[in-house]
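Quick note: the sequence shown uses numbering that gives the first Met the number 0, first residue 0, plus one each step.
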Amino acid sequence: MRYTVNNLFSLLLVASSMLTVFSSCDDDMENYDNKAFVSTSKVGNILLKGTNNEENVVIQTAIARPETMDIKVVYKADASLVSEYNLIYGEQAIIVPSENYEILDNVSTIMAGAMQGSEVKVHFKDLSLLDRNLVYVLPVTVSESTIEFLKSTRTTYFVIKGAALINTVGNITKNYLTLQSPGTSTLSGMNQLTIEALVRINLFGKLISTVMGIEGTFLFRIGDAGVPDNQLQLATSSGNVTDAAWQIPTNEWVHLAATFNSEDGAVEVYLNGVKKGATQTVGYRRSVNWASASFYIGKSYDDARWLEGDICECRVWNRVLTDDEIKAKDHYYVVASDSEGLVAYWKFDEGSGKVIADHTGNGNTVVANGDITWTTVSLPK
């Protein structure tokens, strides 16, 4: 390319202008006020899942460029900022009770030459005591700073609210499940027993529907000759027991719990945490042994005795749960996998496949005969 005198003059003007711009940018950088700011999210959400009784969160402080001296930023919880949060985010949150949190270290120090400060740690505790139907917020804001702080990031809002504890359940209509292997010893020698299941049964209409157990030995089933098709019955090798109060409704979620004590044969049944009917006494006085390939969920005698509907939170305990334990907060929807006496825990939350894991770690995996229909839910509602 050939350059004329005019071309060269134009290029020199452009170059001169660019040098002026870069020089101005350098001047601006030199004159720019260095400010501290919070580099973590302005709103932190903590979801109440039923098993998270404690949560730890952090606030991270930073500056735009290093300084030659240490910088200290002090944080504090400020209940007066709850109304500001509600106005900005259109919520009706209330302050987190003081007994449910503590700020472990409220000073963030940015060392000379560094750009990141030490973490301010907030510990939330006893979350199970909070009301899942309410929204809580803890505003944590800057109370002191040895450097100017960016106003828009001064306050971090930690929001605590209930989350769905169950999102997926299995429909086992015209299906059943059995132990992948004969089961482990944890399902043997149970002198006391509690079974639980959260079910939504669409239809009865058959002579017998099945919950779980072993046909001819120890089985929880629904219906029988002379028994209403929606009424729970314990059928054993030493007699059966039932009660007119043990009737299960259709098309609604029901938490079913039944207990057995081999010492006196006592059987109790609870629907949605309420004990139903009188204590029944069965002639069976031996331990319950379900570590067998004959153990089924949703089957007894033949394939036609399925449980028509959705099931989740299916559990076996080797002890009798108390009234208070059965109706405890969120117990229908989740329990700790290491709970005392919990020997098998099938959540039915896999969302795919036929294999249902035992969340106790005891290895009592169950496998469906056919494909499970997985249903998306949000429980509790």
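Ideal placement from N, C-alpha and C gives every residue a C-beta, glycine not left out. The structure presented is a predicted model; accordingly, all values stated were derived computationally and were not measured.
- A distance below 6 Å between beta-carbons, with the five flanking residues on each side excluded, links Leu218 to the following residues of its chain, in chain order: Gly212, Ala234 and Ser299.
- An exposed status is given to Met68, since fewer than 16 other beta-carbon atoms sit within 10 Å of its beta-carbon.
- For Ile221, same chain residues with a beta-carbon under 6 Å away, outside a window of 5 residues either side, are Ser208 and Leu231 in chain order.
- The three-state secondary structure of Asp309, taken from DSSP, is strand.
- Bounds of the alpha helix (DSSP H) holding Tyr84 are Val81 to Tyr88.
- It is roughly 6 Å from the alpha-carbon of Ile325 to the alpha-carbon of Gly272.
- DSSP places Asp323 inside the alpha helix (DSSP H), whose first and last residues are Asp322 to Ile325.
- Under the three-state reduction of DSSP output, Thr67 falls in the coil class, being neither helix nor strand.
- Rounded to the nearest angstrom, the gap between the Cα atoms of Ile109 and Ile159 is 29 Å.
- Pairing Asn363 with Ile355, the inter-Cα distance amounts to about 9 Å.
- The three-state reading of DSSP puts Asn229 in strand, counting E and B together.
- Ile58: member of the beta strand (DSSP E) spanning Glu54 to Ile58, first to last residue.
- Annotated as proximal: Ser336 and Thr359, with beta-carbon spacing under 8 Å.
- Looking at the backbone, the Cα of Pro227 and that of Ser187 are separated by about 31 Å.
- Using a Cβ distance threshold of 8 Å, Val168 and Thr374 count as a contacting pair.
- For the beta strand (DSSP E) assignment, the uninterrupted runs of no fewer than 3 residues enclosed by the region 338-368 are, from N- to C-terminal side, 341-345 and 365-367.
- Taken atom to atom, the span from the alpha-carbon of Ser377 to that of Met114 is near 43 Å.
- Shown here, Leu47 sits in a strand according to DSSP, grouped into three states.
- Pairing Thr39 with Thr155 gives a Cβ-Cβ distance under 8 Å.
- Of all C-beta pairs linking the region 173-190 to the region 282-295, three or more are shorter than 8 Å, placing the two stretches in contact.
- Note on the region 155-187: whole beta strand (DSSP E) runs with a minimum of 3 residues are 165-170 and 176-178, in chain order.
- For Met114, there is no enclosing beta strand (DSSP E), as DSSP marks it with neither H nor E.
- By the C-beta density criterion, Ala35 is buried, having at least 16 other C-beta atoms within 10 angstroms.
- Comparing alpha-carbon positions, the option among Leu133, Leu128 and Val121 lying closest to Thr140 turns out to be Val121.
- Nearest to Glu339 by alpha-carbon distance, out of Val319, Val198 and Asp348, is Val319.
- For Trp252, there is no enclosing beta strand (DSSP E), as DSSP marks it with neither H nor E.
- Look at Ser97 here: in three-state DSSP terms it is helix.
- The shortest CA-to-CA distance from Ser351 to any of Val334, His330, Asp370 and Val365 is the one to Asp370.
- Lys173 sits close to Trp305, with the two beta carbons spaced by under 8 Å.
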